[in-house]
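Notes to accompany the following structure.
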Amino acid sequence: MAQLLDQLYLPVYLRTLLVNTIGSFNIYFKVKENKMVLYHSGGGQFTGEVRSKLLDNNVSIVYIKKEDKDHYTEYLEKNFARILSDPELESEKKAEIAHISVLNIAKELFKEPHAKTIALYKSSINTMMDFVLEDDEAINNLIRLTSYDFTTYTHSVNVGVFGIGLAKVLFAKDPQHDMKEIASGFFLHDLGKCKIPLDILNKRGMLTNDEWKIMKKHPDFGYILLGQFNALTEEAKVIVMQHHERNDGKGYPKGLKGDQIHTYSKVCCIADVFEALTAKRPYKQKQSAFEALKIMQKDMRENFDPYYFEQFIMLFSAQNLAPSDKRFVNTFTS
Ligand SMILES: [Fe+2]
Ligand SMILES: [Fe+2]
Numbered sequence: 295m296a297q298l299l300d301q302l303y304l305p306v307y308l309r310t311l312l313v314n315t316i317g318s319f320n321i322y323f324k325v326k327e328n329k330m331v332l333y334h335s336g337g338g339q340f341t342g343e344v345r346s347k348l349l350d351n352n353v354s355i356v357y358i359k360k361e362d363k364d365h366y367t368e369y370l371e372k373n374f375a376r377i378l379s380d381p382e383l384e385s386e387k388k389a390e391i392a393h394i395s396v397l398n399i400a401k402e403l404f405k406e407p408h409a410k411t412i413a414l415y416k417s418s419i420n421t422m423m424d425f426v427l428e429d430d431e432a433i434n435n436l437i438r439l440t441s442y443d444f445t446t447y448t449h450s451v452n453v454g455v456f457g458i459g460l461a462k463v464l465f466a467k468d469p470q471h472d473m474k475e476i477a478s479g480f481f482l483h484d485l486g487k488c489k490i491p492l493d494i495l496n497k498r499g500m501l502t503n504d505e506w507k508i509m510k511k512h513p514d515f516g517y518i519l520l521g522q523f524n525a526l527t528e529e530a531k532v533i534v535m536q537h538h539e540r541n542d543g544k545g546y547p548k549g550l551k552g553d554q555i556h557t558y559s560k561v562c563c564i565a566d567v568f569e570a571l572t573a574k575r576p577y578k579q580k581q582s583a584f585e586a587l588k589i590m591q592k593d594m595r596e597n598f599d600p601y602y603f604e605q606f607i608m609l610f611s612a613q614n615l616a617p618s619d620k621r622f623v624n625t626f627t628s
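Numbering (the numbering used here), first residue to last: 295 to 628.
Next up, the structure:
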């Protein structure tokens with residue numbers, strides 16, 4: 295019976311349900327291992343009184359029906375900024391909410407970009423960035439949530455998370471850097487892929503030369519699209535244009551090298567390659583973070599700005615993201 299309940303209901307954190315808001319989902323309360331009762335009906339105001347009663351009884355988790363998951367996600371997106379500013383909500387839970395909200399919008403955006411969806415995406419990234427800048431555990435928790443599939447939107451969000459992790463270390467102390475715009479640049483770096491034919495984008499196995507030529511146009515496509523939507527500052531758009539440029543000049547589309555490449559693009563390049571190596575693809579196994587960094591250091595070192603790459607490795611070792619991989623510092627700094 296308890297198992298049946300697990301199939302029907304989803305646990306949600308009470309702290310994500312804000313006072314004086316209305317959600318279009320019913321809220322249930324688990325009275326016994328095998329019994330749920332309706333506690334609050336969807337469409338009704340979730341008052342302070344309703345919430346206090348639960349808190350007074352030490353309830354931190356309530357339930358919704360699985361079929362209401364989309365309604366709950368919509369609610370989270372709408373109330374995202376307020377939920378994340380709650381000082382009582384743990385960093386881990388904030389990270390989960392930030393991650394799911396940004397991921398959901400990314401999913402819509404990469405199907406067909408519109409000015410409205412880009413604006414919504416940017417505003418959630420801004421909220422996520424506020425959280426990252428003021429909470430030292432945020433990046434750590436967000437990186438733990440990165441998950442891998444074959445989609446451009448998951449890849450984009452993962453690269454965004456790795457990118458802001460490194461950008462925080464490198465730039466956050468200097469107010470000249472507009473951290474939110476930079477973050478949007480990372481999360482949108484592959485927007486141009488929505489203009490690449492799906493049979494090329496999702497092809498299993500190697501691309502032919504002609505297919506590669508088309509694929510290599512995605513930085514330009516993204517740059518043009520963002521220009522049309524007037525969506526990013528020039529500096530942040532450069533991230534989109536230059537994220538495949540390499541420090542040694544062997545990248546694309548222009549073959550820029552060293553200082554010709556914008557610092558923000560150099561950060562995005564590292565995050566992008568790391569994500570591609572750690573992601574599982576139909577044609578390859580995924581690498582652990584440790585293995586990916588090792589490959590990057592051994593075989594791809596010339597691609598990256600050496601100092602930024604070193605800081606990227608430190609990001610993983612210092613935050614102890616992979617407890618089984620304590621070899622990070624010794625291996626990479628010796
Ligand atoms: Fe790309
Ligand atoms: Fe990418």
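Using N, Cα and C, we set each Cβ at its ideal position, and we do this for glycine too.
- Under the three-state reduction of DSSP, Gln470 is assigned to coil, being neither helix nor strand.
- Between Lys416 and Lys474, the alpha-carbon positions lie close to 8 Å from each other.
- Within 10 angstroms of the beta-carbon of Gln536 lie 16 or more other beta-carbons, which makes it buried.
- His449 has its CB nearer than 7 Å to a heavy atom of ligand 2.
- By the beta-carbon neighbour count (other beta carbons within 10 angstroms, threshold 16), Met422 is buried.
- When C-alpha distances from Leu304 are compared across Phe340, Asp362 and Leu312, the shortest belongs to Asp362.
- Taking 7 Å as the cut-off, the C-beta of Asp484 counts as close to a heavy atom of ligand 1.
- Judged by pairs of C-beta atoms under 8 Å, the segment 371–382 does not touch the segment 318–337, as fewer than three such pairs exist.
- Rounded to the nearest whole angstrom, the C-alpha separation of Tyr369 and Ser418 is 13 Å.
- Taking C-beta atoms as the reference points, His483 and Ser441 fail to come closer than 8 Å.
- The segment 352–409 is shown to contain whole alpha helix (DSSP H) runs of 4 or more residues at 363–378 and 385–405, in chain order.
- Using a 10 angstroms sphere on the CB of Leu492, the tally of other CB atoms stays under 16, which defines it as exposed.
- The beta carbon of Ala466 sits closer than 7 Å to the beta carbons of Leu427 and Met473 from its chain, once the five residues preceding and following it are set aside; these are given in chain order.
- A distance criterion of 7 Å places the beta-carbon of His537 in contact range of ligand 1, judged by its closest non-hydrogen atom.
- With a beta-carbon spacing of about 16 Å, Ile555 and Phe606 fall beyond the 8 Å limit used to define contacts.
- Between Pro513 and Gly479, the gap from beta carbon to beta carbon reaches 8 Å or more.
- Proximity to Thr367 across Thr446, Arg309, Ser395 and Phe568 peaks at Ser395, based on C-alpha coordinates.
- Collapsing the DSSP output to three states places Met422 in a helix.
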